[in-house]
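To start, the structure itself, in structure tokens.
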Amino acid sequence: MRSLLITASLLALAPVAAQAQTTAAPPAGDAVYTSELLTRWGKEVTPENAWRLYPRPQMVRERWVNLNGLWDYAIAPKAAERPAAMDGQILVPFPVESKLSRVARKVTPDDRVWYRRSFTVPADWRGQNVMLNFGAVDYEATVRVNGSVVGSHKGGFDAFGFDISPYLKTGANELVVEVTDPTSAGTQPRGKQILDPAGIWYTAVSGIWQTVWIEPVPKLHIAEVRATPDIDRGTVDVAVALSGWANDNDAVRLTASAGGKTIASTIIRANRQATLAIPNAHLWSPDDPHLYDLKAELVTIADPYAGEAERDRKAYDSRFTDHERRVYAKARVQGAPRDSVAAYFAMRKVSIGPGRVAGQPAILLNNKPLFQHGTLDQGWWPDGLYTPPSEEAMKSDIVFLKKAGFNMLRKHIKVEPARYYHDADRLGMLIWQDMPSGGGEDQYLAGTSQYQAVFPSETLAEQQKQLSEMIGELRAFPSIVTWVVNNEGWGQYDSATLTRFVKGIDPTRLVDANSGWLDVAPKDSDMLDIHTYEDVPKTPPLQADRAIVLGEYGGVGFPVPGHIWKPGKGNWSYQVAQDEKEYLVRFRRKMEGVIRQAKENGLSASVYTQTTDVEDEINGLLTYDRAVPKASAEALAAIAAPLWTTPTPD
């Protein structure tokens, strides 16, 4: 979230230590508070092993070069020119303020962060274009290669990239990234980040916080693959978008498979959509998270209209018709694929329909009611802040929740790296994805508010742009079943319009217009969502046309000595237990209320606060360092088990 300059020294992935320039230590008061807490995974992080897996699991290419590792960095006044000397080295992809970055310095709205590395392009990429990709940079980034600006990007949560081919030279290339970030001084989507963290507000995150990589692609290449299942028809619609215009001899070959066995395959004209039949579909669910593999290949075909009278007219009139589909399905491929990506999909459906209580609609999975028992998941780490120490660490949260009986989590006003959702897809964890909140402090509603905030048109446009980008980037992941447009009153505006906007982008998922507080979109939201932190959770009023859910409840605190962010300082929670026995008593009391509501009132889902402690907050099921569960996973699962049992008749 500030400004950064990057020089990557990647001479065939050689370390950059030889290029490092050092200056005096950071000025007094420049350091960010970092606890002694480290996760066991954080202790193992090195420049050589920092986030090595391919970062885009829904569009995998075989050839790529990972640019994570040590970069040179400097923090300078925002208005100043590029510094002549760098301050030291930073470990990418960990944010500037984090301990794992090896920097742990504040970045203010008046700062600019600079990153620098050099890299070489592998010789066998000759003849290909080179894409430079960023998983996420917070917040506004400008990228230069060999001194030339190749592009800029605004937004702290979405991936972006640039074709840097025109700017490359033989041998070492200099990569520089500069970043600025207003954090809580701005109105941009930022979630719980704040410049002065305390209570439920956490340390700011600035700069590169996800993987950076380069990969070779042809000039015309696959840009996006979207698979939309329909379990009622037994089909999956697959749309493949290319990076530019295509000719009649450009086609895409699609192959769906399971366990190495081809289920369906076809060829379509490039920049088109196909429908593949998936007979006897193996449905995805939390208990059986079955995934189908999908390969998309950009191929050249023989002219499908060759020899026909008025060939050009025939091709033009066939555009976007069933005739065109039939012609291309029989096309003859010439040569090897020009581009190929691996993806996957799941056959699953989420909807609203009749539940177990007559008259109260419920959330359905695959046309059947399934209670969604979840946690509020902040996704923060004591050593990496936004960036988990490793994929194993990131996945461990989901593994624990599954063992503890949870089948859902609400990803709370943060967007995770793409591999997180891939892990959820494979492990069988339903996800409600929040849009990160934004707005100015005076645009945050109170629990007693009766109307919504007002934003300038420019702010509205940016919020909606980033909302659509989040959905576009994440809709490939079947674990995501609900979009949460707004949390409580944090920058809430025009909820009804935004809900319709989201449904227009993705009509295949549920939309929660507002989790908690001001319910102003009853005709558009798929659920009524209340927050209730009372000892026994309150019950939402029954609804004729939408599901009822507890979007937040729980919040039982339990401080574990030796695992506290700020030992000896005040901690924060809604309630406090003194030991594990009391913790379980309080958890059971709340769960009994949820179970009663599910069976008597038709409650569809509940979200317990929260997965882990976070900084000053101590109301997690796990300590912040993930070292100690407040209660065993088995005990938590046993308490929740009655949610899915049906009483036997007398």
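Last residue of the sequence shown? That's 1345 in our numbering, and every number before it is there in order. In this text, a Cβ means the ideal position worked out from N, Cα and C, and glycines have one as well. Please read all numbers here as calculations on a predicted model, not as lab measurements.
Would residue i and residue j qualify as a contact pair, given that the criterion is a beta-carbon distance under 8 angstroms?
i	j	result
P1064	R1043	no
A1336	G1100	yes
V874	V808	yes
W1127	G1069	yes
F1066	L989	no
P981	G1123	yes
D1072	R1105	yes
P1417	W896	Residue 1417 lies beyond the stretch modelled for the chain, which goes from 696 to 1345, so this question has no answer here.
L971	T930	yes
A1239	A1216	no
P750	P1112	yes
A1026	A997	yes
Y1139	G1186	yes
Q852	M1165	Looking at the sequence provided, one finds Phe at residue 852 rather than Gln. Yes, Cβ-Cβ distance for F852 and M1165 is below 8 angstroms.
A941	A991	no
A880	P804	yes
A799	T729	yes
P1084	T734	yes
I1108	N1182	yes
L1317	F1095	yes
Y834	Y768	no
L1080	T898	yes
L993	H1117	no
V1176	L1125	yes
D943	Y1000	yes
Please report the Cβ distance between residue i and residue j, rounded to the nearest whole angstrom; I am assuming they are in contact, meaning their Cβ atoms lie under 8 angstroms.
i	j	result
T1304	G1250	4 angstroms
A934	R921	4 angstroms
D1320	G894	D1320 to G894, Cβ: 20 angstroms. No contact.
R1179	D1207	Checking the sequence shown, residue 1179 turns out to be Val, not Arg. Rounded, the Cβ-Cβ distance is 5 angstroms, consistent with contact.
P1056	A1330	With 8 angstroms as the limit, P1056 and A1330 do not qualify as a contact, their Cβ atoms being about 33 angstroms apart.
W908	V755	Between V755 and W908 the Cβ distance is about 12 angstroms, and since that is not below 8 angstroms, they are no contact.
V1280	L1245	No, V1280 and L1245 are not in contact; Cβ-Cβ is about 20 angstroms, not under 8 angstroms.
P911	R1033	Rounded, the Cβ-Cβ distance is 11 angstroms, inconsistent with contact.
T882	G1134	5 angstroms
L795	D1078	5 angstroms
E1168	A854	6 angstroms
K773	D725	At roughly 15 angstroms, the Cβ-Cβ gap does not stay under 8 angstroms, so K773 and D725 are not in contact.
L1223	I1058	No, L1223 and I1058 are not in contact; Cβ-Cβ is about 12 angstroms, not under 8 angstroms.
Quick one: using the 10 Å Cβ neighbour count with 16 as the cut-off for buried, is residue i buried or exposed?
i	result
D1007	exposed
Q1029	exposed
L748	exposed
Y1023	buried
T1227	buried
A818	exposed
A779	exposed
P1236	exposed
T957	exposed
P1131	buried
H977	exposed
F1015	exposed
G842	exposed
I1334	buried
A771	buried
G1263	exposed
L700	Low local confidence applies: a pLDDT of 37 at L700 is under 50, so the model's placement there is unreliable, and no value is given.
Q784	buried
A831	buried
D927	exposed
Q1145	exposed
P974	exposed
In terms of DSSP beta bridges, what is residue i paired with?
i	result
E1049	Contrary to the premise, residue 1049 reads as Pro rather than Glu in this sequence. Beta-bridge pairing links P1049 to P1056.
V1036	A991
V760	I909
S980	D983
A950	According to the sequence as given, residue 950 is Thr; it is not Ala. Beta-bridge pairing links T950 to S960 and K990.
Q1067	A1300
Q968	A934
Q1270	V1251
M1042	L978
D927	Bridge partners of D927: none, in fact.
A771	R807
K1106	D1072 and Q1128
L765	L786
P1324	L1317
Whole alpha helix (DSSP H) elements within the region 1294-1322, 4-residue minimum: Residue ranges of uninterrupted alpha helix (DSSP H) with 4 or more members are absent from the region 1294-1322; none lies entirely inside it.
With a floor of 4 residues, list each alpha helix (DSSP H) that falls wholly inside the region 1118-1177, ordered by position along the chain. Taking 4 residues as the shortest admissible run, the region 1118-1177 contains the following complete alpha helix (DSSP H) segments, listed from N- to C-terminal end: 1152-1169.
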